[in-house]
Amino acid sequence: MRKGIGLALVMLAVGIAPGRSVLADVSPGDKINASNADKAKDLLSPGLLWCVKRGFPITVTETKSVEWPKAYKEATEKYAPQVKLSADGLSLQNYVAGQPFPNITSKDPQFAIKVMWNYDYGYVNGVDDTDLRNFDADTGSIPQDGPMTVERHFLLDHFRRLFWNARLYVDPKPEKPNPSGYRAQQGLYPILEPFDLKGVGALGNRYIDSAKQDDSWLYLPSLRRVRRLSTAQRSDALFGQDTDVDSYYGYAGQVSWMDWKYLGDKEVLATVHAEHYPVKWDDKVDWAWNDNWEKRKVIVIEGTSKLPQYAYSKRVLFIDKETWGITYSDIYDRSGELWKIWINDISFRKSVPGNNAIVYDDEMPFAPAIVMVDMQLEHATKASLPSPRFPGEQGWYYHQGEKAGVTDDWFTVAALVAAGR
């Protein structure tokens, strides 16, 4: 009985009323801010409502649909019928490419974890490879209805991901020769600013076998050493800012590191078709972007960490039913109190402004910005993806392989160290 009451309270906290639909009192053209935040409270997570009451502006626009990329849709139709989930839910069987479980319903006892596998193998997180270039971030305290007091400014050279299986665009596909059993490799390096962190970088390997822990390294040039990070340390915020590696994209941890629970379906406001690229930060509340928000239907999934030293007790993910990307994620401390939120600014389009900009056959999920807010410390980190300091830089490059420098040798500790010298 107590467990049932607890689940009901969590559902009410995220705005899901058992047995009835949420009727939102907003319409296209409405502008939501600190003065009228309660007008949209049923369409916001608790974390986002806190941000709006702090001054984060929302302009409501019409909802637009998002089409899956053709290759991803075709792979789903071809391979999904053969995919099975192991009894413990921690591994996929007979999976090749596309979405593993396109026809699941909430009546499925494994619904929550199948949703997470759909997210993990979704096209929003990247299919073959991703290169994000020349982006920056600011971190500092955030007052009520005012600008951030910037404590540190960061400039980063590259964030890259290379996927070894489920490949659809760049040969070899659908899987690279893979003796190590990689699912993906990821790198964030080198940091160019501030001066005391110049050359710092991070690298990681993830395996298809979810029983294998990630390999994670942090290179510190000032100490001339590479530090190995535990899985729990991936939840730690480093260098005085608010983001952690496992919060990238809304959730970037392994599916098997959490116990997943379905909380319900919900309609929320999210930025999915941002007008501004690069990002347009608000003139007054400059840690928040000023752009379009639309009603989106989401699945609300709660993840409770299995790791005793993990920084967070749980995450509540708001997963878009159409894109299968995370709109935002509320994050709770070990005592169960709301602590942080990761918010995604997304613009689905076939091309973005830039020199020799790539025009894709399908709409791609470009992200002009992200914001992570620590509600307990009244602190935030905002990132411009790419930085406005690089006119003509398109920022995001999808499935370009060697043309974008996403090669196997970039994801080595030797390359990490060499770039940081």
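Residue 186 in my numbering sits at position 102 of the sequence shown; the count goes up by one each step and never skips. Glycine is no exception: its CB is placed at the ideal position from the N, C-alpha and C atoms.
Rounded Cβ spacing between residue i and residue j (contact assumed at less than 8 Å)
i	j	result
I425	C135	7 Å
D414	G131	4 Å
D83	W494	What the structure shows of the chain is the stretch from 85 to 505, and residue 83 is not part of that stretch, so it cannot be assessed.
A354	T411	4 Å
I197	G173	4 Å
K137	A118	5 Å
A164	Y253	Rounded, the Cβ-Cβ distance is 19 Å, inconsistent with contact.
M342	G387	4 Å
D212	F238	Actually they do not touch by this definition, with Cβ atoms about 28 Å apart.
W201	P184	5 Å
S340	Y396	With a Cβ gap of about 16 Å, S340 and Y396 do not count as contacting.
V208	T407	6 Å
P274	V180	Actually they do not touch by this definition, with Cβ atoms about 35 Å apart.
G324	T223	6 Å
Q194	N178	Not confirmed; about 16 Å, so no contact.
D446	P153	4 Å
W301	L500	7 Å
Residue from the options whose Cα sits closest to the Cα of residue i
i	options	result
N218	E477, A488, S170 and K487	E477
I292	G265, L276 and G224	G265
Y361	L307, T327, L469 and L276	L469
T160	S149, N178 and P186	P186
I287	D326, F243 and Q297	Before going on, a small fix: residue 287 reads as Leu here, not Ile. Of D326, F243 and Q297, the residue nearest in Cα terms is F243.
A358	D429, Q484 and W408	D429
V382	V400, Y396, K368 and K405	K405
G206	Y333, A441, S300 and D241	Y333
G420	P437, V400 and W408	V400
Y416	A488, D212, Y346 and Y394	Y394
V150	V356, R309 and W377	V356
Q33	D330, F450 and T407	Given a span of 85 to 505 for the chain in the structure shown, any question on residue 33 remains unanswerable.
Q460	L391, Q317, S225 and S435	S225
A336	S306, D298 and I275	D298
L176	R267, D446 and D222	R267
R473	K487, G438, W344 and Q338	G438
R290	G283, D222 and R245	R245
D367	G230, K115 and P305	G230
S306	Q338, D122, V284 and V384	V284
N262	L276, Y273 and F247	F247
A503	Q166, Y346 and R308	R308
T214	E277, F195 and E486	E486
V443	A464, Q484, T407 and T223	Q484
L281	D241, S300, K296 and A295	D241
F279	Q317, R236 and L272	R236
L347	G324, P274, I403 and L304	I403
T465	I427, G489 and S389	I427
S129	D204, N178 and V352	V352
Q317	G324, D328 and F323	D328
K398	L272, R418 and G409	R418
K390	S431, W344 and K379	W344
W377	L127, Q194 and K434	L127
G409	E462, A171, L500 and F450	F450
Y481	V497, N440 and Y303	N440
V436	G489, V369, G210 and P475	P475
Check: residue i C-beta below 6 Å from any heavy atom of the ligand ADP
i	result
E486	In the structure shown, the ligand ADP is absent, as is every other ligand, since no ligand is present at all.
Per DSSP, the bridge partner or partners of residue i
i	result
T355	D429
P470	Looking at the DSSP assignment, P470 forms no beta bridge with any residue, so it has no partner.
S119	Looking at the DSSP assignment, S119 forms no beta bridge with any residue, so it has no partner.
F402	V384 and Y412
A286	L272 and L302
V225	One detail in the question is off: residue 225 reads as Ser in this sequence, not Val. In DSSP, S225 forms a bridge with T233 and H463.
N376	T143
T327	Bridge partners of T327: none, in fact.
P449	F432
K350	V382
E277	L239
D343	T388
I454	N428 and A467
D215	R244 and Y481
V310	Y303
L422	Y416
W365	W373
D492	Beta-bridge pairing links D492 to no other residue.
Y444	Paired residues: none, contrary to the question.
D220	L239 and S468
Y291	Y266
- Message: Count Cβ pairs between the segment 368-380 and the segment 313-330 that sit closer than 8 Å; are there 3 or more?
- Response: Judged by Cβ distances under 8 Å, the segment 368-380 makes no contact with the segment 313-330, as fewer than three pairs qualify.
Are at least three pairs of beta-carbons, each pair with one atom in the segment 137-147 and one in the segment 109-124, less than 8 Å apart?
yes
Check: Can you give, in chain order, each stretch of the alpha helix (DSSP H) that sits fully within the segment 131-210 and has at least 4 residues?
Finding: 154-163 and 195-204
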